[in-house]
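Numbering (the numbering used here), first residue to last: 4 to 164.
The structure is reproduced here in structure tokens:
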């Protein structure tokens, strides 16, 4: 079953990846007040005012923090060796020593850019998935929500006819 919440996603990861992912997600929540967290395509998405602004993906041997604001990635490319300008992300391969200062810098700068220019072009989810180089065939689609009513449709065995 595909996790539908970030907490469920974290629980499904192996311990080393879970710890690293939890640190990054926690840093985003602390640094980005007002950002909504959700799971889409098997990736943790963060959105501001209904539009995606970050995503975090745990891979087998690395973790990626994607940013929607390309200008932030371009600005930081010479300062941090983890920046990948082609995919508009920071990729962390040493999960034991996550550079949370890099995560925080990307998060805070992205929020500032988005909030300073609310009328500018905000990339759609489809544009971001393409920009981030996420292949559709590798994206996990969450199953539909099924609600089970306990006892509502079952006969009452205590009543006799």
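Here a beta-carbon is modelled for each residue, glycine too, at the ideal position from N, C-alpha and C.
Are residue i and residue j close, meaning C-beta to C-beta below 8 Å?
i	j	result
residue 54	residue 46	no
residue 32	residue 103	no
residue 135	residue 69	yes
residue 79	residue 108	yes
residue 7	residue 30	no
How long is the line joining the alpha carbons of residue i and residue j, rounded to whole angstroms?
i	j	result
residue 105	residue 121	24 Å
residue 143	residue 44	Confidence is the limiting factor: at residue 143 the pLDDT is only 49, short of 50, which leaves the residue's position unreliable, though a coordinate-based value still follows. Cα to Cα, residue 143 sits roughly 5 Å from residue 44.
residue 34	residue 110	7 Å
residue 37	residue 118	12 Å
residue 100	residue 74	26 Å
residue 22	residue 14	10 Å
residue 98	residue 85	12 Å
residue 17	residue 9	14 Å
residue 89	residue 123	21 Å
residue 125	residue 115	13 Å
residue 5	residue 81	37 Å
residue 95	residue 19	13 Å
residue 56	residue 127	10 Å
Within 10 angstroms of the Cβ of residue i, are there 16 or more other Cβ atoms? Answer buried if so, exposed if not.
i	result
residue 113	buried
residue 93	buried
residue 51	buried
residue 62	exposed
Can you name, in chain order, every residue of its own chain whose Cβ lies under 6 Å from the Cβ of residue i, other than the five neighbours on each side?
i	result
residue 137	none
residue 83	105
residue 60	46 and 67
residue 39	50
Going by beta carbon distance, what residues of the same chain come within less than 7 Å of residue i, once the five residues before and after it are set aside?
i	result
residue 91	69, 70, 73, 76, 134 and 135
Using a Cβ-Cβ cut-off of 8 Å (strictly less than) and excluding sequence neighbours within five positions of residue i, which residues of its own chain qualify?
i	result
residue 28	9, 13, 40, 47 and 59
Requested in this report: Please go through the region 58-102 and give each complete beta strand (DSSP E) segment of 3 or more residues, from N-terminal end onward.
Outcome: 66-70 and 92-95
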